[in-house]
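I have placed the structure first, in the form of structure tokens, so that the comments after it can refer back to it.
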Amino acid sequence: MEPLRLDYDVMNKWKNWWQQWRSPQRQLQLAGSDSAPTTDSGAALQTESRPPRVKTSGLKMAGITLLIAVVSFSVGFFSFEWGIKPHISEQIPSYTIPEVRYKSLKQAEKIAQHENLHIIVRQRVYDPQTPEGYVIAQDPLPGLSTATDRTLYVVVSKGTEIITIPDLSGMSLRQARILLTRNNLTIGKISYIYTTDRAKNFVVTQSPLSNTQVSRGAVVDLLVSLGKRKVPRGFVMPDLRGQKYDNMQFWLDRLGFHTKKEGEVPDNFLLPGTILEQDPIPGSYVEEGQTISFTVSYIPAIQLGEPHGN
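In the numbering used here, the protein residues as written are 43 to 352.
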């Protein structure tokens with residue numbers, strides 16, 4: 043479609059008419075037409091009594107002014123849209139947004155410069171999957187058309203976040219867990235050991251050691267104290283054979299031993315519950331908390347025979 047051409051002759055006629063309409067002489071004529079006729083002496087002529095006429099010249103002027111403004115705006119708007127704007131658009135070149143993601147920032151700037159684009163780094167973030175200094179994201183996305191002065195915003199990777207492992211030695215296990223979580227580290231295997239200089243559930247050492255540089259989320263293993271180890275009392279096992287099992291069980295339990303009845307053997311000559319054998323054997327070294335097993339006697343039931351006949 044041919045662009046709209048402005049008819050300058052018509053516009054000049056409109057302009058001249060408007061200037062004549064707004065001229066002082068024309069305003070005086072309009073004002074004089076609304077005035078009452080006068081005599082030579084300046085006295086107003088007497089006329090018949092009639093209702094006062096409403097002056098409408100001001101309203102007409104406002105309406106005509108508004109109409110001219112609307113027409114002028116419409117002519118100017120459509121002239122620009124159909125006649126001028128297409129020519130301006132044809133003169134402004136457009137470019138397709140290139141792909142700069144996963145390229146180094148220097149490479150991205152060269153590519154953008156070739157397309158008459160300007161790169162601005164909007165943000166730098168840690169990303170373990172992308173090397174440091176490489177573009178992660180861009181706005182606008184590749185493939186869109188833009189003018190030469192369009193800015194291309196990018197997000198650049200800071201690489202993997204490096205964290206210094208804190209010193210956890212001497213902390214409680216709970217404190218160590220909290221500190222590792224705050225430093226974006228993961229608690230790994232927890233081992234336990236008896237110590238003489240650490241309270242129970244306090245960290246003895248760690249792996250990796252403190253001040254080691256690791257990546258975000260690295261695993262830290264801990265060695266935790268069980269406190270001081272209780273040393274059991276030692277005894278020489280006495281010979282308890284021939285003693286009553288119930289009596290020995292009472293005393294051995296009070297000394298910290300565990301007792302167990304392994305079996306029973308019939309014996310018609312000993313009281314039931316008499317210790318016949320023991321394990322460990324007499325003279326052995328035993329420690330507090332150890333289990334001692336016994337074999338005891340019992341009296342078998344008497345079998346009664348049938349009575350003889352007469």
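Cβ atoms here follow ideal geometry from the backbone N, Cα and C, with glycine treated the same way.
Run through DSSP, which three-state label would A218 get? Along the sequence shown, one-based indexing puts residue 218 at 176. Of the three classes helix, strand and coil, the one that applies to A218 here is helix, per DSSP.
Complete runs of the beta strand (DSSP E) confined to the region 172-248 [at least 3 residues]: 177-181, 187-189, 193-199, 204-206, 228-235
Contacts around A150, its chain only, beta-carbon distance under 7 Å, and the 5 residues preceding and following it disregarded: If you number the sequence shown from 1, residue 150 lands on position 108. Correct list, in chain order: V142, I161, V177, V196.
Suppose you measure from the CA of Y144 to the CA of L210; what does that come to, to the nearest Å? Taking the first residue of the sequence shown as 1, we reach residue 144 at position 102. Taking the first residue of the sequence shown as 1, we reach residue 210 at position 168. Looking at the two C-alpha atoms, the distance is approximately 39 Å.
With DSSP as the reference, identify every bridge partner of I334, one or two as the case may be. Working through the sequence shown from its first residue, we reach residue 334 at position 292. According to DSSP, I334 bridges with T301.
On the criterion of 16 or more Cβ atoms from any shown chain inside 10 Å, does L294 qualify as buried, or is it exposed? Taking the first residue of the sequence shown as 1, we reach residue 294 at position 252. Under this definition L294 is a buried residue.
Closest to I205 by CA distance: which of D281, I139, T223 is it? Here the question's residue 205 lines up with position 163 in the sequence shown. If we check each option's Cα against that of I205, T223 comes out closest.
Along the chain, where does the alpha helix (DSSP H) containing D309 start, and where does it finish? Reading the sequence shown from its first residue, position 267 is the one you call residue 309. Unbroken run through D309: none, as it is neither H nor E.
Applying the criterion that 16 or more other CB atoms from any shown protein chain within 10 Å of the CB defines a buried residue, is G315 buried or exposed? Reading the sequence shown from its first residue, position 273 is the one you call residue 315. When all chains shown are included, G315 counts as buried.
Could you check where the alpha helix (DSSP H) with Y327 kicks off and where it finishes? On the sequence shown, position 285 is the one that residue 327 refers to. Element bounds for Y327: not the alpha helix (DSSP H) but the beta strand (DSSP E), 327-329.
Do three or more CB pairs link the region 258-267 to the region 280-296 at distances below 8 Å? no
Rounded separation between T193 and Q155 - CA only: Reading the sequence shown from its first residue, position 151 is the one you call residue 193. Reading the sequence shown from its first residue, position 113 is the one you call residue 155. Spanning the two alpha carbons is a distance of roughly 11 Å.
Considering L268, what are the terminal residues of the beta strand (DSSP E) in which it resides? Here residue 268 is taken as the residue at index 226 of the sequence shown, counted from 1. It is not in any beta strand (DSSP E) - L268 carries neither H nor E in the DSSP assignment.
So, under 8 Å CB-CB, S257 and P170 are touching, yes? Tell me the CB distance rounded to an integer number of Å. In the sequence shown, residue 257 corresponds to position 215, counting from 1. In the sequence shown, residue 170 corresponds to position 128, counting from 1. About 7 Å; that satisfies the 8 Å criterion.
Straight-line Cα distance separating A218 from N225: Residue 225 sits at position 183 when you count from the first residue of the sequence shown. Residue 218 sits at position 176 when you count from the first residue of the sequence shown. Those two C-alpha atoms are separated by around 11 Å.
Measuring alpha carbon to alpha carbon, tell me which residue in I153, Q255, T337 is nearest R283. Here the question's residue 283 lines up with position 241 in the sequence shown. If we check each option's Cα against that of R283, T337 comes out closest.
Selected residue, minimal CA-CA separation from I207, among T254, V273, L318: Working through the sequence shown from its first residue, we reach residue 207 at position 165. The shortest Cα separation from I207 among T254, V273, L318 belongs to T254.
Out of S249, V167, P274, state which residue places its alpha-carbon closest to the alpha-carbon of K231. Position 189 of the sequence shown, counting from 1, holds the residue named residue 231. Comparing Cα-Cα distances from K231 to each of S249, V167, P274, the minimum goes to S249.
Mind checking which residues open and close the alpha helix (DSSP H) that includes L294? In the sequence shown, counting from the first residue as 1, residue 294 sits at position 252. 287-296 is the extent of the alpha helix (DSSP H) around L294.
Count the other C-beta atoms from every protein chain shown that fall within 10 angstroms of the C-beta of F115, then say buried if there are 16 or more, exposed otherwise. Here residue 115 refers to the residue found at position 73 of the sequence shown. The residue is exposed, with fewer than 16 neighbouring Cβ atoms inside 10 Å.
Quick check on the DSSP output: the beta strand (DSSP E) that includes L318 runs from which residue to which? In the sequence shown, residue 318 corresponds to position 276, counting from 1. Counting along the chain, the beta strand (DSSP E) containing L318 begins and ends at 317-321.
If you follow the alpha helix (DSSP H) that I153 is part of, which residue opens it and which one closes it? To locate residue 153, count along the sequence shown from 1; it is residue 111. I153 -> alpha helix (DSSP H) spans 147-156.
Assuming Y168 contacts E203 (C-beta within less than 8 Å), just tell me the rounded distance between them. For the purposes of this step, residue 168 is taken as the residue at position 126 of the sequence shown. For the purposes of this step, residue 203 is taken as the residue at position 161 of the sequence shown. That belief holds up - the Cβ atoms of Y168 and E203 are roughly 4 Å apart, short of 8 Å.
DSSP puts V262 in a beta bridge; with which residues? Position 220 of the sequence shown, counted from the first residue, corresponds to residue 262. Note: V262 sits in a beta bridge opposite I229.
Since I412 sits in a beta bridge, which residues does DSSP pair it with? For residue 412 there is no data in the structure shown, the boundaries of the chain being 43 and 352.
Is the Cβ-Cβ distance between S339 and V307 less than 8 Å? What you label residue 339 is simply residue 297 of the sequence shown in a count that begins at 1. What you label residue 307 is simply residue 265 of the sequence shown in a count that begins at 1. Closer than 8 Å, so yes.
For V142, three-class secondary structure by DSSP: Working through the sequence shown from its first residue, we reach residue 142 at position 100. The answer is coil: DSSP assigns V142 none of H, G, I, E or B.
Using only CA atoms, which one of F299, L313, L227 lies nearest to G276? Translated into positions along the sequence shown, residue 276 becomes position 234. Out of F299, L313, L227, F299 has the C-alpha closest to the C-alpha of G276.
Whole-angstrom Cβ separation of V245 and V266, contact assumed at under 8 Å? Numbered from its first residue, the sequence shown carries residue 245 at position 203. Numbered from its first residue, the sequence shown carries residue 266 at position 224. That pair is a contact at about 6 Å.
As assigned by DSSP and simplified to three states, the class of V273: Here residue 273 refers to the residue found at position 231 of the sequence shown. Coil.
Reduced DSSP secondary structure (H/G/I, E/B, other) of A78: Taking the first residue of the sequence shown as 1, we reach residue 78 at position 36. Note that A78 has pLDDT 47, beneath the 50 cutoff, so the model's placement of it is unreliable and no number is given.
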